[in-house]
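Student: There's a structure below that I have some questions on.
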Amino acid sequence: MMNDTKPPQFETQFAADIFHGLTTYPKTLSSKYFYDKKGDELFQQIMDLPEYYLTGKEYGILEKHREEIAAAFTSAEGFDLIELGAGDGKKTKILLRHFVENEFNFKYLPVDISKNVLDQLTKSLRTEIPGIEVVPKQGMYKKVLEDLAGYQTRKKVILFLGSNIGNLSQEEAVNFLKKISSSMSSEDLFFMGVDQKKDPQTVLDAYNDSRGVTAAFNKNLLTRINRELQANFDPDAFLHWPVYDPEAGTAKSFLVSTKEQTVQINSLNLEVTFREWESIHTEISQKYDDTSVAWLAKEAGLEISGSFSDEQNYFKNYLFKR
Ligand code: AVJ
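Terminal number for the sequence shown in my numbering: 464, no gaps in between.
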């Protein structure tokens, strides 16, 4: 039988996701698409902003507690250190340097979606930390985790830093942690950095910096759609609008249309109309506390076996076992 309501066929997952996000109500786009070349650069700048405390706090925690962390990671037969979303590795290098200096028997397996980022990281490690054994893996976390489930030569330590878990909804976070858990054996560890609930103004400022870098980061998604899907968004016709709900611990970012407007997305054969002040939800950055992290862990079949935080409890790194 012929089907004349056949859904449009999309070239890429990106195209399909953008189509669906802009044809549902309320409109939504996924923050995972922030990270094109320009987005990577803007995120690097965000990490150096005075308002964006997350990176500095986690850096301080790893530096201060590196001995204790190292003691938890190591084992008689050594260990494999797998980092999901390794990025520039600036924070991880604190640990890696410590491991090499103390002649630990370990291998570093950075995983990232970006080949470019991985090449740069591998190159910088070979010069900055000579002697380190690096095995880069390009791909999506999900796929790599599935592959890793079968990869077991000795103790595995999985790193997930930077509060990247915050971009996931509660349900997605549980599913993600379940995946992690099912790729772990009883001697393996999972080490995750999690931004904590705090003064709502401090959280809001982190996503609303005075120099407008975060606004540019959010709006860059529209520029990416313009380039990759032949669209004509005017980024200046949208406001960057972050909010923080202290009850849920959820920072959300929106792009808000400042006027009634129509946008053509040629590659999708789509015309999108915006009412004046209509929003596009682009990101969540969930904040947690010990209770909500314990709940997540329990749902995923993990157990918290330790944690490290800064003096203000702005940020916390948790160690989990199965
Ligand atoms: C990389 C997901 C941890 O949510 O804090 C920074 C991304 N977005 N500023 C975060 C981000 C806006 C960041 N994570």
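Think of the CB as a built atom: it goes at the ideal place given N, C-alpha and C, for glycine as much as any other residue.
Classify Y460 as buried or exposed, calling it buried when 16 or more other Cβ atoms lie within 10 Å of its own Cβ.
Tutor: It counts as buried.
Student: Please classify Y386 as buried or exposed, where buried requires at least 16 neighbouring CB atoms within 10 angstroms.
Tutor: The residue in question, Y386, is buried, as its Cβ has 16 or more Cβ neighbours within 10 Å.
Student: Threshold first: 3 residues or longer. Then list the beta strand (DSSP E) segments lying entirely within the segment 269–337, N to C.
Tutor: Listed in chain order, they are 297–302, 331–337.
Student: Could you pull the start and end residues of the beta strand (DSSP E) that E413 belongs to?
Tutor: Segment 412–416, the beta strand (DSSP E) holding E413.
Student: Mind checking M143: buried by the 16 CB within 10 Å criterion, or exposed?
Tutor: Below a pLDDT of 50, predicted positions are generally treated as unreliable, and M143, at 48, falls in that range; the measurement from the model is reported next regardless. When all chains shown are included, M143 counts as exposed.
Student: Just reading off the alpha helix (DSSP H) that D254 is part of, what are its end residues?
Tutor: Counting along the chain, D254 falls outside any alpha helix (DSSP H), though it belongs to the beta strand (DSSP E) covering 248–254.
Student: For G163, count neighbouring Cβ atoms within 10 angstroms of its own Cβ and tell me buried if that reaches 16, exposed if not.
Tutor: Flag for G163 reads buried.
Student: Rounded to whole angstroms, how far is the Cβ of V253 from the Cβ of I274, which I believe are closer than 8 Å?
Tutor: With a Cβ gap of about 16 Å, V253 and I274 do not count as contacting.
Student: Just how far apart, CA to CA, sit Q280 and L251?
Tutor: One C-alpha to the other measures close to 10 Å.
Student: Taking three-plus beta-carbon pairs below 8 Å as touching, is the segment 184–195 in contact with the segment 205–215?
Tutor: Result no; under three Cβ-Cβ pairs closer than 8 Å.
Student: Which residue marks the beginning of the beta strand (DSSP E) containing A439, and which one marks its end?
Tutor: Taken as a continuous stretch (DSSP letters only), A439 belongs to no beta strand (DSSP E), being part of the alpha helix (DSSP H) at 432–442.
Student: With DSSP as the reference, identify every bridge partner of I224, one or two as the case may be.
Tutor: Per DSSP, L251, I300.
Student: Please report the straight-line C-alpha distance between Q294 and E445, rounded to a whole angstrom.
Tutor: Answer to the nearest angstrom: the Cα atoms are 21 Å apart.
Student: Does DSSP put A393 in a helix, in a strand, or in coil?
Tutor: Looking at A393 - three-state DSSP - the assignment turns out to be strand.
Student: Can you find the residues in the same chain that come closer than 6 Å, C-beta to C-beta, to V299, ignoring five residues on each side of it along the sequence?
Tutor: F215, F221, L223, L331.
Student: Taking DSSP as the reference, what is the three-state secondary structure of H423?
Tutor: Of the three classes helix, strand and coil, the one that applies to H423 here is strand, per DSSP.
Student: State yes or no: is the C-beta of G308 nearer than 6 Å to some heavy atom of the ligand AVJ?
Tutor: Flag set: Cβ of G308 near the ligand AVJ.
Student: Would you give the residue range spanned by the alpha helix (DSSP H) that T344 belongs to?
Tutor: Start and end: 342–348.
Student: Beta-carbon within less than 6 Å of K394's beta-carbon, same chain only, minus the 5 sequence neighbours each way: which residues are those?
Tutor: Excluding residues within five positions, the ones whose Cβ falls inside 6 Å are V385, I426.
Student: Is it buried or exposed, K339, if we count other Cβ atoms within 10 angstroms and call 16 or more buried?
Tutor: Flag for K339 reads buried.
Student: Can you check the segment 156–226 for any alpha helix (DSSP H) of at least 4 residues that lies completely inside it and give the ranges in chain order?
Tutor: Runs found: 179–189, 195–206, 208–215.
Student: Rounded to whole angstroms, what's the CA-CA distance from E420 to A379? Just pull it up for me.
Tutor: Near 11 Å, if we compare the C-alpha coordinates of A379 and E420.
Student: Quick check on this structure: which residue in K199, F241, G229 has the alpha carbon closest to the alpha carbon of A213?
Tutor: The candidate whose alpha carbon is nearest that of A213 is F241.
Student: Measure the C-alpha to C-alpha separation of P388 and E370 and round it to an integer number of angstroms.
Tutor: Whole-angstrom Cα-Cα distance: 36 Å.
Student: For Q155, count the other beta carbons within 10 Å of its own beta carbon; 16 or more makes it buried, fewer makes it exposed. Which is it?
Tutor: It counts as exposed.
Student: Can you give me the Cβ contacts of R268 inside the same chain, cut-off strictly under 8 Å, excluding the 5 residues immediately before and after it?
Tutor: I274, V276.
Student: I'd like to check one pair, D351 with S305: are the Cβ atoms closer than 7 Å?
Tutor: Not closer than 7 Å, so no.
Student: Please classify Q372 as buried or exposed, where buried requires at least 16 neighbouring CB atoms within 10 angstroms.
Tutor: Under this definition Q372 is an exposed residue.
Student: Three or more beta-carbon pairs under 8 Å between the segment 436–451 and the segment 180–187, yes or no?
Tutor: In short, these stretches do not touch, since the Cβ pair count stays below three.
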